[in-house]
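Participant:
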Amino acid sequence: MSPQCYHIRFQPGTPEDGFACPADLTVLRASLREDGGLLSSCRAGTCRACMRRLLSGQVEYLVEWPGLSAEEKAEGWFLPCVARPCSDLLIEALPEDAAPG
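In the numbering used here, the protein residues as written are 102 to 202.
1. Looking at the structure shown, is S188 part of a helix, part of a strand, or coil, going by DSSP?
2. Any idea if P113 is buried or exposed, counting beta-carbon neighbours within 10 angstroms, 16 or more meaning buried?
3. Relative to the ligand GTP, is the shortest distance from any of its heavy atoms to the C-beta of C143 smaller than 6 Å?
4. Looking only at C-alpha atoms, which of R134, Q159, L139 sits nearest to L191?
5. Which ranges would you report for the beta strand (DSSP E) in the stretch 106 to 171 if only whole runs of at least 3 residues count?
6. By the three-class DSSP mapping on this structure, what secondary structure does E173 have?
7. Straight-line CA distance for R110 to D118?
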């Protein structure tokens, strides 16, 4: 049985922009399977190169305490390299993000 799959979109962007992310993959890994991908470095939740603001949706972390402060988490920041989706996600796009798809 294949895992649940969620749609990851960017704002600004159109509903057609984005990519599919199975629930068993991190958001970063799924983005790298597409033509583009989010910038990253360590892929372990410590360097913060992939840090993005989550505008809507829920994620679960693969590590107990990812490299974010409590304040950053409260402001909606997340680390796609160690986060798996629990729902469809809307992520604030940065100019350096490649356009997947």
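Don't be surprised by glycine CBs; every beta carbon is placed ideally from N, CA and C.
Facilitator: This is what the structure gives:
1. One-based indexing of the sequence shown puts residue 188 at position 87. Looking at S188 - three-state DSSP - the assignment turns out to be coil, as it is neither helix nor strand.
2. Mapped onto the sequence shown, residue 113 falls at position 12. Exposed, by the Cβ-count rule.
3. The ligand GTP is absent from the structure shown, which contains no ligand whatsoever.
4. Residue mapping note: residue 191 aligns to position 90 of the sequence shown, counting from 1. Cα-wise, what sits closest to L191 is Q159.
5. 106 to 112, 120 to 123, 153 to 157, 160 to 162
6. Position 72 of the sequence shown, counted from the first residue, corresponds to residue 173. Helix, per DSSP.
7. Position 9 of the sequence shown, counted from the start, is the residue given in the question as residue 110. Position 17 of the sequence shown, counted from the start, is the residue given in the question as residue 118. So the two alpha carbons sit approximately 6 Å from each other.
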